[in-house]
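J.: Read in order, the letters of the sequence shown correspond to residues 1 to 188 in full-length UniProt numbering.
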Amino acid sequence: MGGDSFSSGAFNDPKHVVSGPGLERTIYSSSIGAAAGIFYGGCAAAWFPDPVESVGKFGGASGRTSFRALGQTVLRPAMWFSFAAGAFTATECAMEAARNETKDVWNTLAAGMVGGAVVGLTNGRPQVVAATAIATGIFMVALDLTGSKTVFDEKALDHKRMGLLPETHKESAALSALKSQYPQHKNL
């Protein structure tokens with residue numbers, strides 16, 4: 001596996017840092033958002049129990065999935081996911097340029113609030129827009145402050161994942177004593 005600007009290419013490397021000009025980062029995150037939205041829309045269309053159909057002007061066959069309705073079912077989430085990701089990244093890049101500060105919590109707060117507002121716009125109610133903006137902003141700040149890792153001891157996790165066991169197992173004294181006490185279970 002070769003490395004590129006987004007990954008070092010190592011097998012267990014979780015690093016995925018996107019850097020570069022703001023427009024490039026915005027297009028990249030919008031593309032990732034669109035891909036996630038297409039996946040979500042495809043899953044929603046696949047698990048919907050009834051046929052995905054649209055009401056046409058001239059009637060048509062009822063109970064059959066139409067390509068137009070399927071496209072709307074799949075592409076609508078792709079559009080909203082893409083807008084939310086693009087709005088977040090564009091706002092973060094604009095804040096970085098305006099404040100001349102990168103990796104700052106205030107940039108993340110503003111970007112999270114704009115991204116959350118876009119998510120809230122799917123409902124259309126101002127209270128929902130405000131609530132999702134505030135909640136997403138706070139969540140993004142918490143994620144930025146704590147980091148994206150969910151483990152405390154990285155070395156222990158790396159040893160747990162990639163560590164090698166010794167060639168021969170060495171029994172503890174307590175286990176040897178138990179095996180001598182219960183000889184019928186010595187081969188366990």
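Backbone N, C-alpha and C fix where the C-beta goes; we use that ideal spot for every residue, glycine too.
List the endpoints of the continuous alpha helix (DSSP H) containing serine 180.
T.: Along the sequence shown, one-based indexing puts residue 180 at 180. Note, serine 180: alpha helix (DSSP H), 173-181.
J.: Hey, which unbroken runs of the alpha helix (DSSP H) at 4 residues or more fall wholly within the stretch 23-99?
T.: Runs of the alpha helix (DSSP H) inside the stretch 23-99: 67-99.
J.: Assign asparagine 187 to one of three DSSP states: helix, strand, or coil.
T.: Within the sequence shown, residue 187 is the residue found at index 187, counting from 1. Asparagine 187 falls in the coil class under three-state DSSP.
J.: Which word fits proline 77, buried or exposed, when buried means at least 16 other C-beta atoms lie within 10 angstroms of its C-beta?
T.: As a working mapping, residue 77 is identified with position 77 in the sequence shown. When all chains shown are included, proline 77 counts as buried.
J.: Using the Cβ count rule (16 or more neighbours within 10 Å means buried), how would you classify glycine 115?
T.: Counting from one through the sequence shown, the residue named residue 115 turns up at place 115. Its Cβ being crowded by 16 or more others within 10 Å, glycine 115 is buried.
J.: Rounded to the nearest angstrom, what separates methionine 1 and leucine 188 at their Cα positions?
T.: Residue mapping note: residue 1 aligns to position 1 of the sequence shown, counting from 1. Residue mapping note: residue 188 aligns to position 188 of the sequence shown, counting from 1. Reliability fails at methionine 1, whose pLDDT of 40 lies under 50, so the model's placement of it is uncertain and the value that follows must be treated cautiously. Distance between the alpha carbons of methionine 1 and leucine 188 is about 41 angstroms.
J.: Is glycine 2 helix, strand or coil when you go by DSSP?
T.: The sequence position of residue 2 within the sequence shown is 2, counting from 1. Model confidence at glycine 2 stands at a pLDDT of 46, short of 50, so the residue's coordinates are unreliable; what they give is reported in the following sentence. Here glycine 2 sits in coil by DSSP.
J.: By a C-beta neighbour count over all protein chains shown, 10 Å radius and 16 as the cutoff for buried, is asparagine 107 buried or exposed?
T.: Within the sequence shown, numbered from 1, the residue matching residue 107 stands at position 107. Classification of asparagine 107: buried, given that the 10 Å Cβ count is 16 or more.
J.: Out of Ala94, Gly112, Ala98, point me to the one whose CA is closest to alanine 142's CA.
T.: Numbered from 1 along the sequence shown, position 142 holds the residue referred to as residue 142. Checked all of Ala94, Gly112, Ala98; the closest Cα to alanine 142 is Gly112.
J.: Can you give the beta carbon distance from glycine 42 to serine 82, rounded, assuming they're within the 8 angstroms contact cut?
T.: By one-based count along the sequence shown, residue 42 stands at place 42. By one-based count along the sequence shown, residue 82 stands at place 82. Contact flag wrong, Cβ pair sits at about 15 angstroms.
J.: How big is the Cα-Cα spacing for tryptophan 47 and serine 31?
T.: What you label residue 47 is simply residue 47 of the sequence shown in a count that begins at 1. What you label residue 31 is simply residue 31 of the sequence shown in a count that begins at 1. Spanning the two alpha carbons is a distance of roughly 24 angstroms.
J.: Under a three-way DSSP split, which group does leucine 121 fall into?
T.: What you label residue 121 is simply residue 121 of the sequence shown in a count that begins at 1. It is coil, neither helix nor strand.
J.: For alanine 87, count neighbouring Cβ atoms within 10 angstroms of its own Cβ and tell me buried if that reaches 16, exposed if not.
T.: Residue mapping note: residue 87 aligns to position 87 of the sequence shown, counting from 1. When all chains shown are included, alanine 87 counts as buried.
J.: Could you check the C-alpha separation between alanine 94 and proline 21 for me, to the nearest Å?
T.: Here residue 94 is taken as the residue at index 94 of the sequence shown, counted from 1. Here residue 21 is taken as the residue at index 21 of the sequence shown, counted from 1. Their backbone Cα atoms lie some 11 angstroms apart in a straight line.
J.: Using the Cα positions of aspartate 104 and aspartate 144, report the straight-line distance between them to the nearest angstrom.
T.: As a position in the sequence shown, residue 104 is number 104, starting the count at 1. As a position in the sequence shown, residue 144 is number 144, starting the count at 1. When rounded, the distance between both Cα atoms is 9 angstroms.
J.: Would threonine 132 and glycine 147 qualify as a contact pair, given that the criterion is a beta-carbon distance under 8 angstroms?
T.: Along the sequence shown, one-based indexing puts residue 132 at 132. Along the sequence shown, one-based indexing puts residue 147 at 147. No, the Cβ-Cβ distance between threonine 132 and glycine 147 is not below 8 angstroms.
J.: May I have the straight-line CA-CA distance separating alanine 135 from alanine 110, to the nearest angstrom?
T.: If you number the sequence shown from 1, residue 135 lands on position 135. If you number the sequence shown from 1, residue 110 lands on position 110. Rounded to the nearest angstrom, the two C-alpha atoms are 12 angstroms apart.
J.: Alpha carbon to alpha carbon, what distance is there between glutamate 171 and threonine 89?
T.: Counted from its first residue, the sequence shown places residue 89 at position 89. Counted from its first residue, the sequence shown places residue 171 at position 171. Going from the Cα of threonine 89 to the Cα of glutamate 171 covers about 55 angstroms.
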